Amino acid sequence: MAWWSFRSEGCLGPNVYSEVPDGGWGWLVAGAFFIVEVFTYGVIKSFGVFLNDLMHEFDETNSRVSWIISICVFVMTFTGLGYCLTFLPTVTILSQYFHRRRPLVTAMASTGESVAIFAFAPVLTALKTHIGWRYTLVVLGMLQGSILICGLLLRPIIIKPEIAESFSKTLRKQEIENSASDTKRNDSTSSRGSGVQSLMEVEQGLQPGGVGKHGDTVQNPHCERDTKRTCRNKLLDLSVLKEGSFLCYAAFGLFTSLGFFAPHLYVLELSASMGTKRDKAAYMLSIMAVAEIFGRLSIGWILSCGYIRKIFVLLGCVALLCLVFIFFTVVDGFWGLAICCVLFGLLFGNIASTHIPMLAEDDILGIDRMPSAVGVYVCIQSFAGLAGPPLGGFLVDITQNYRSAFYSCAAGTGIGALFLGLVRPVKTGFLCTKKKISTHQNSLAA
Numbered sequence: 001m002a003w004w005s006f007r008s009e010g011c012l013g014p015n016v017y018s019e020v021p022d023g024g025w026g027w028l029v030a031g032a033f034f035i036v037e038v039f040t041y042g043v044i045k046s047f048g049v050f051l052n053d054l055m056h057e058f059d060e061t062n063s064r065v066s067w068i069i070s071i072c073v074f075v076m077t078f079t080g081l082g083y084c085l086t087f088l089p090t091v092t093i094l095s096q097y098f099h100r101r102r103p104l105v106t107a108m109a110s111t112g113e114s115v116a117i118f119a120f121a122p123v124l125t126a127l128k129t130h131i132g133w134r135y136t137l138v139v140l141g142m143l144q145g146s147i148l149i150c151g152l153l154l155r156p157i158i159i160k161p162e163i164a165e166s167f168s169k170t171l172r173k174q175e176i177e178n179s180a181s182d183t184k185r186n187d188s189t190s191s192r193g194s195g196v197q198s199l200m201e202v203e204q205g206l207q208p209g210g211v212g213k214h215g216d217t218v219q220n221p222h223c224e225r226d227t228k229r230t231c232r233n234k235l236l237d238l239s240v241l242k243e244g245s246f247l248c249y250a251a252f253g254l255f256t257s258l259g260f261f262a263p264h265l266y267v268l269e270l271s272a273s274m275g276t277k278r279d280k281a282a283y284m285l286s287i288m289a290v291a292e293i294f295g296r297l298s299i300g301w302i303l304s305c306g307y308i309r310k311i312f313v314l315l316g317c318v319a320l321l322c323l324v325f326i327f328f329t330v331v332d333g334f335w336g337l338a339i340c341c342v343l344f345g346l347l348f349g350n351i352a353s354t355h356i357p358m359l360a361e362d363d364i365l366g367i368d369r370m371p372s373a374v375g376v377y378v379c380i381q382s383f384a385g386l387a388g389p390p391l392g393g394f395l396v397d398i399t400q401n402y403r404s405a406f407y408s409c410a411a412g413t414g415i416g417a418l419f420l421g422l423v424r425p426v427k428t429g430f431l432c433t434k435k436k437i438s439t440h441q442n443s444l445a446a
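Numbering-wise (UniProt numbering), the sequence shown opens with residue 1 and increments by one.
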């Protein structure tokens with residue numbers, strides 16, 4: 001039993017580093033995140049291939065069938081719960097293994113979603129014509145079993161600075177030398193008299209509630225506060241909801257996510273309604289996927305350069321994506337729709353690969369509070385995943401036009417851009433400062 005405990009702790013236990021490694025075991029975690037992206041969001045975004053089959057099989061409308069995706073994203077099924085328990089730990093641990101390279105590595109690993117859409121769209125379309133849509137889903141489920149292997153690679157990381165270790169070694173060495181000199185001189189002078197504290201005294205003085213050298217209890221409010229914060233992070237830290245910047249960012253994620261799932265679900269039907277053959281319309285998803293790969297890689301390189309604040313880059317991408325959704329409602333023909341798919345893929349790749357890792361930036365919360373914030377953020381975001389596809393389907397059923405689904409996407413993305421623009425002013429206290437200045441001026445005028 002002891003041998004197994006040693007082996008499991010050595011192979012599956014946490015990795016200890018003196019600083020953020022920016023690599024090492026993190027590359028294996030990045031590979032695991034790539035596979036997780038393939039079989040979670042990649043499957044969700046490719047589900048539009050089955051939309052028409054489900055409508056005919058169960059004789060239901062667009063809005064009712066689209067609830068399948070919504071419920072899965074909202075984590076109310078076994079599949080959705082499994083996606084949540086695989087995606088969130090992977091992206092959180094990956095962010096902790098990298099600092100300088102974090103945007104680029106996260107963007108590269110998240111391309112698994114795009115690769116999946118590119119491959120799944122034509123493959124699933126061809127497969128369901130041979131074995132039917134039911135058995136195609138069975139094959140897809142069997143492939144998702146590979147996520148189990150990825151879970152074995154998720155080793156937590158512990159950062160222990162070398163400064164603290166060297167300081168502790170110095171204290172021990174000093175104590176040993178002092179004890180040896182006292183013994184040699186047969187001096188009964190205590191360590192207090194010689195002016196050198198023992199290691200135990202120092203450590204007690206550093207600990208909250210420790211006993212000082214005069215018998216007084218030493219209270220360290222900073223250490224106590226950090227200890228409490230660490231305990232909360234291990235479970236669930238809802239104190240992030242008290243941060244104005246996080247609330248604005250969560251509202252951005254909520255509204256912007258209205259446009260995350262509907263385009264992949266309805267672009268095939270929109271293309272078919274324009275007269276494109278269904279086998280050719282399936283390539284719209286592939287066009288989106290290829291453009292999305294370039295979008296994810298390009299934004300990772302841009303953010304790694306550090307020439308402009310990352311949150312401003314994200315804001316520009318969201319604003320442009322809102323315009324692309326409007327273009328979806330006015331273009332005609334295969335090539336016009338293909339251009340919109342390219343633009344959507346580029347911008348969606350920019351946003352999708354950065355909006356969760358952005359929580360680790362100081363403009364939002366910081367890397368220390370990211371693990372607890374990711375769960376709360378994705379929980380809030382999932383409400384949009386619940387409402388987005390059915391809302392688009394409802395508009396399609398009313399207007400009998402698949403373009404209508406993109407109006408809700410444009411509206412949600414526009415509102416999300418407004419909230420994202422408020423994150424930085426709220427974080428820096430600009431709005432509060434401006435309010436205080438106006439109040440002070442009014443008091444002087446009175």
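The C-beta atom is built at its ideal place from N, Cα and C for all residues, glycine as well. For clarity, every value in this text was computed on a predicted model and none was experimentally measured.
Between the alpha carbons of residue 109 and residue 31 lies a distance of about 7 Å.
Residue pairing by DSSP places residue 380 in no beta bridge whatsoever.
Taken atom to atom, the span from the alpha-carbon of residue 100 to that of residue 264 is near 33 Å. Restricting attention to 286, 279, 93, 258, the CA atom closest to the CA of residue 42 is found in 286.
Counting other Cβ atoms within 10 Å of its Cβ, residue 318 reaches 16 or more and is therefore classed as buried. With at least 16 other beta carbons inside 10 angstroms of its own, residue 96 counts as buried.
Leaving aside the five residues that flank residue 313 on each side, none in its chain has a CB nearer than 6 Å to its CB. With fewer than 16 other Cβ atoms from the protein chains shown falling within 10 Å of its own Cβ, residue 307 counts as exposed. Taken in chain order, the complete alpha helix (DSSP H) segments of 4 residues or longer contained in the stretch 255–305 are 262–273, 278–281, 283–305. Judged by DSSP in its simplified three-state form, residue 20 adopts coil rather than helix or strand. Cβ contact annotation for residue 296 (same chain, cutoff 8 Å, sequence separation greater than five): 107, 108, 110, 111, 114, 349, 350, 352, 353, in chain order. If you check the CB distance, residue 331 and residue 341 do not come in under 8 Å. In the DSSP assignment, residue 351 falls outside any beta strand (DSSP E) and within the unbroken alpha helix (DSSP H) covering 333–352. Excluding sequence positions up to five before and after residue 322, its CB lies within less than 7 Å of the CB of 410, 413, 414, 417, all in the same chain and listed in chain order.
Shown here for residue 27: not one same chain residue has a beta carbon closer than 7 Å to its own, the five before and five after excluded. The stretch 141–160 and the stretch 12–19 touch, with no fewer than 3 CB-CB distances between them shorter than 8 Å. Proximity to residue 243 across 301, 52, 364 peaks at 364, based on C-alpha coordinates. When only Cα atoms are considered, residue 344 and residue 378 end up about 22 Å apart. Sequence-distant partners of residue 357 (beyond 5 residues in either direction) whose C-beta falls short of 8 Å from its own C-beta, in its chain, are 91, 95, 102, 103, 106. Looking at the DSSP output, residue 159 sits in a beta bridge with 17. Counting only unbroken stretches of 4 or more residues, the alpha helix (DSSP H) elements lying wholly within the stretch 364–430 are 370–399, 405–428, in sequence order. DSSP places residue 142 in the uninterrupted alpha helix (DSSP H) bounded by 133–143. Shown here for residue 422: same chain residues with a beta carbon closer than 7 Å to its own, the five before and five after excluded, namely 248 in chain order. Around the beta carbon of residue 149, a 10 Å sphere encloses fewer than 16 other beta carbons of the protein chains shown; the residue is thus reported as exposed.
Separation of residue 24 and residue 39 (C-alpha to C-alpha, rounded to the nearest whole angstrom) is 25 Å. Per DSSP, residue 357 is not a residue of any alpha helix (DSSP H), being assigned neither H nor E. Residue 61 carries a coil assignment under DSSP once its states are collapsed to helix, strand and coil.
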